[in-house]
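The structure under discussion appears below in the form of structure tokens.
There are 2 protein chains.
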Amino acid sequence: METDVRQYLAANHDRYLAELIEFASIPSVSTDAAYQAGMETAARWVADQLATAGVANVQILPTARHPIVYGDWLGAHGAPTILVYGHYDVQPPDPLDQWQSPPFTPVVRNGRLYGRGVSDDKGPMFIALKVAEAYLATQGALPVNVKFLFEGEEEIGSPSLEAFIDANRERLQADFALSADGAMWRIDEPSITVASRGMMGLEFSLTTAGKDLHSGRHGGAVPNALHAMAELVATLHTPAGRVAVEGFYEDVAELTPEERASLVALPFDEAGYLAQTGAERTLGEPGYTTLERLWARPTLEVNGMWGGYQGPGSKTVIPHVAHAKITCRLVANQQPATIAARVMEHLEHHTPPGARLAIHRDRHDALPYQIPGDHPGLRTARAVLAGVYGQEALQVRMGGTLPVSELFLRLLGIYTVFFSFSTADEDFHAPNEFFRIHRLHEGLAAWANYWARLASA
Amino acid sequence: METDVRQYLAANHDRYLAELIEFASIPSVSTDAAYQAGMETAARWVADQLATAGVANVQILPTARHPIVYGDWLGAHGAPTILVYGHYDVQPPDPLDQWQSPPFTPVVRNGRLYGRGVSDDKGPMFIALKVAEAYLATQGALPVNVKFLFEGEEEIGSPSLEAFIDANRERLQADFALSADGAMWRIDEPSITVASRGMMGLEFSLTTAGKDLHSGRHGGAVPNALHAMAELVATLHTPAGRVAVEGFYEDVAELTPEERASLVALPFDEAGYLAQTGAERTLGEPGYTTLERLWARPTLEVNGMWGGYQGPGSKTVIPHVAHAKITCRLVANQQPATIAARVMEHLEHHTPPGARLAIHRDRHDALPYQIPGDHPGLRTARAVLAGVYGQEALQVRMGGTLPVSELFLRLLGIYTVFFSFSTADEDFHAPNEFFRIHRLHEGLAAWANYWARLASA
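Chains A and B, in that order, give the protein sequences.
Per the numbering used here, the first sequence starts with residue 1, numbered consecutively.
Per the numbering used here, the second sequence starts with residue 458, numbered consecutively.
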């Protein structure tokens, strides 16, 4: 890496933090139409950053819902071309009352920046913007060809991305994708994610009467939608934690003895994990270690369940409708559509007498993914991280879902290297999300080095 | 009854409806502190009505939460003294989006007045106010001595009433209580309620972690509070509908063969009941008829249950806390404290591994109640209803809870005659509550006749 790029990055720490705070102040919640203005503002902010840095062809490209911000710089003749990926949308901030500071007023406390989206994914994608700026400001050029693709629908399952990539195959063609999304697993051990779980989601309701009924007048005579919901949801797992849906595990690629051995060799501090999550004990499919369950086994989680009176005091009703939201995490060889069909069959089969089931599939689908161990982009990532941290990066799998990697492979024929500087403990998708400020600076140095190293490889 | 009282009542139909609309426009929701101003306005409205009618000693008496409105007229020397009871508080109006017209903007459609509280209990208690006014305006006197007690906490279980009655035993002494609360069971069959169920309520939560966790990062490793809640709530009943709490039915006074026979003799149209409630089928404790389950068997209902994400779209979290509200309806010989202890033991015993249980008892307690069949106030009610409707009133039990009857008996030594002109199908405690306008006028005539008949008995 050029010395003056390194100096430029070091000289601008304060400005970078101020700009990231500005970016994270924009409430770009993609799932809720109430935040439409925030989504538009965030897309413009990203496009302005690219254009000001000197990236060419900057465009805000509309989709069915939230726009994609694109830009490229293709002047490195003979050098590789990479497709940089990130997302400018964030999770909803609720429950609001559990935030120590307002989610869209980012503040620094103890070397951490707190705010919705700072870790997932505004901080990490901001690194790519600033490395482009540093090279173009000091060298007038990037060491490699870069295409930037920042979407606004990652937190709702990227519903428009497949059609967009399909319609822009030529424009997006690259040697591989470099993703600013996808966290490192721990703060003290650099890691590279080589696999991720897929996803399937649906919502359903049970209705037991035409209206809520007085529990004195009708108690004992009519079914209660909440009793029916509890009974149905309780059938989804065995008490020990195995998913009880028939055929749920049928297509799962079981770990080989070698894979199991390598997972067992990874350090995992169960007591520390419990302290981090606040859980009293781990719980999940019997017969597997916690890491195996997180990385290589599928799950079914109820993400929300509700019905009846939730206000202060009591209300003596028999609720007539109850709702639940479900997502499944999938592993190699599982198909979202197949799992959806099996879960729906289970719900239909186990709906208690007197309740009517209605299912809404939200198409929050993603296939599981895995990159070959000898991929050149992966080798470069290993070399850069060894330089930054002075130790070999662990190859880890990811419990979460990054549907882009599956789309890039299927539609563009390229793999994705996950090179994010957020960390798995930074409470994304929960109150008090934060991003470590030293990771911002490590990430800037690492991305600058990655591009230089790739050009000279 | 004096002819001019009857004429006065008939001449003022339009004004009565307008005044009831004014009364029901006051949002007096006792359970929610946001409606504090509505509670105060409603209490003043009732006191003004009593004072304007000519009732003496009208006072708004403070309690720990919502005031009691008292007034009396004691000039009928030698005649019986009755304690008229009603309540000016109402249920919360949610879910608001299911109301066809705003809950606190009462409107007439097809001979019915729609609005929160019109049937429970503002319409019925308004009748007592207007009959007093009619007698005092035309006769300058009431035929019997009347003490009026209108409370503002009935919908939250009357928490201040016991202490109030205890501290005012002398002031409230009467031959019996006449309640404007407690609906007739059907519109086409006049009925008198001779027993009611008691109540016990509590709220509980399950916590499985220190915060909501990302379902990708943590799915498969930690317990989910909603799974635990479903599992726990599902243990409260057998699939067939019997309460599965150990000892729940132990103290229940079983119906005698004669009582069962009299219940079987009562007409009950199951198809009509299903059409009225919108339920597909009845469901409850096996081995009893629907009427037996409603009137003579205890129940346990979950009134609310919630946790996790309820907004639009999806949020891939593992919820770390789940809540539920429970009320039980109790029958003769069951004690609320005993049932509470048994339900709490059950919850503790069945809390799934990895979940922490917290219980909040809301003291929404009431004992079950029953009046002797030959009580003079009950005989008078039968005679009046036979005159108004041309048929004998049925003696029915009530599935609901009227804790005042138990308090009046225990603290004042008097029974309560339920003489309400609301009907059980009028959707109190649900959206689109209504009160039939012809019932208002029948009620006025019946109450006027009741007082006159009692004076001459």
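Cβ atoms here follow ideal geometry from the backbone N, Cα and C, with glycine treated the same way.
It should be emphasised that the depicted structure is a prediction, and the values quoted were computed from it without experimental measurement.
Item, Value
"Starting from B:Arg674, follow the alpha helix (DSSP H) in both directions and report where the run begins and ends.", "672-675"
"Check for me: the alpha helix (DSSP H) holding B:Asn906 runs from which residue to which?", "894-912"
"Cα separation between A:Pro298 and A:Pro67?", "32 angstroms"
"Work out the CA separation of A:Leu263 and A:Leu291 for me, nearest whole Å.", "7 angstroms"
"Give a yes or no on whether 8 angstroms exceeds the smallest Cβ distance from A:Val46 to chain B.", "no"
"List the DSSP bridge partners of A:Glu153.", "None; A:Glu153 has no bridge partner."
"Thinking A:Gly311 and A:Val321 are a contact (beta carbons under 8 angstroms), I'd like their distance in whole angstroms, please.", "At roughly 17 angstroms, the Cβ-Cβ gap does not stay under 8 angstroms, so A:Gly311 and A:Val321 are not in contact."
"DSSP three-state call for B:Phe885: helix, strand or coil?", "coil"
"Can you list the residues of chain A that B:Ala736 reaches, using a CB-CB cut of under 9 angstroms?", "Thr208, Ala209, Gly210, Leu213, His218, Ala221, Val222, Pro223, His320, Gly354"
"Can you grab the Cα-Cα spacing for the pair B:Val575 / B:Ala640, in whole Å?", "12 angstroms"
"Identify every residue that forms a DSSP beta bridge with A:Ile82.", "A:Val146, A:Phe176"
"Taking C-alpha atoms, which residue in B:Arg566, B:Gly568, B:Phe605, B:Pro680 lies nearest to B:Phe583?", "B:Phe605"
"Using three-state DSSP, classify A:Asp48 as helix, strand or coil.", "helix"
"Taking only beta-carbon atoms, is B:Tyr571 less than 8 angstroms away from chain A?", "no"
"Counting only Cβ pairs nearer than 7 angstroms, list the residues of chain B close to A:Glu285.", "Gly677"
"For the segment 571-593 of chain B, which residues have a CB atom closer than 9 angstroms to at least one CB atom of chain A, in sequence order?", "Asp577"
"Could you give the first and the last residue of the continuous beta strand (DSSP E) run that contains A:Gly204?", "Note on identity: in this sequence residue 204 of chain A is Phe, with Gly being the wrong assignment. Its beta strand (DSSP E) spans residues 198-207."
"Checking the sheet assignment: what are the DSSP bridge partners for A:Phe418?", "A:Ser179"
"Decide if the segment 221-229 of chain A is in contact with the segment 736-752 of chain B; the criterion is three or more beta carbon pairs, one per stretch, under 8 angstroms apart.", "yes"
"From B:Val588 to B:Ala838, what does the alpha carbon distance come to, in whole angstroms?", "16 angstroms"
"Am I right that B:His780 and A:Thr316 are in contact with their C-beta atoms under 8 angstroms? What's the rounded C-beta distance?", "No, B:His780 and A:Thr316 are not in contact; Cβ-Cβ is about 17 angstroms, not under 8 angstroms."
"Please report the residue range of the beta strand (DSSP E) in which B:Gln852 lies.", "851-855"
"Using a beta-carbon distance below 8 angstroms, is B:His684 in contact with chain A?", "yes"
"Taking only three categories from DSSP, how would you classify B:Ile478?", "helix"
"Return the chain-ordered ranges of every beta strand (DSSP E) run that is complete within the segment 262-308 of chain A and spans a minimum of 3 residues.", "299-308"
"Do the CB positions of A:Thr327 and A:Leu232 come within less than 8 angstroms of each other?", "no"
"Kindly indicate which three-state DSSP category A:Leu74 falls into: helix, strand or coil?", "coil"
"Quick check: what's the CA-CA separation for B:Leu683 versus B:Lys782?", "14 angstroms"
"List, in order along the chain, the chain A residues whose C-beta lies closer than 9 angstroms to that of B:Glu611?", "Within chain A, no residue comes near B:Glu611; the closest Cβ sits about 11 angstroms away, beyond 9 angstroms."
"Name the residue from B:Gly744, B:Gly667, B:Glu849, B:Leu835 whose alpha carbon lies nearest to the alpha carbon of B:Gly811.", "B:Gly667"
"Using Cβ-Cβ distances below 9 angstroms, what residues of the segment 755-769 of chain B are close to chain A?", "Pro755, Thr756, Leu757, Glu758, Val759, Asn760, Gly761, Met762, Trp763, Gly764, Gly765, Tyr766, Gln767, Gly768, Pro769"
"Under 7 angstroms Cβ-Cβ, which residues of chain A neighbour B:Arg654?", "Gly216"
"Please state whether DSSP places A:Gln370 in a helix, a strand or coil.", "strand"
"If you measure from the beta carbon of A:Pro92 to each beta carbon in chain B, is any gap under 8 angstroms?", "yes"
"Taking any Cβ of chain A, which residues in the segment 865-896 of chain B have a Cβ under 9 angstroms from it, in chain order?", "Ala881, Asp882, Asp884, Phe885, His886, Ala887, Pro888, Asn889"
"Can you find a C-beta in chain A that's less than 8 angstroms from the C-beta of B:Arg750?", "yes"
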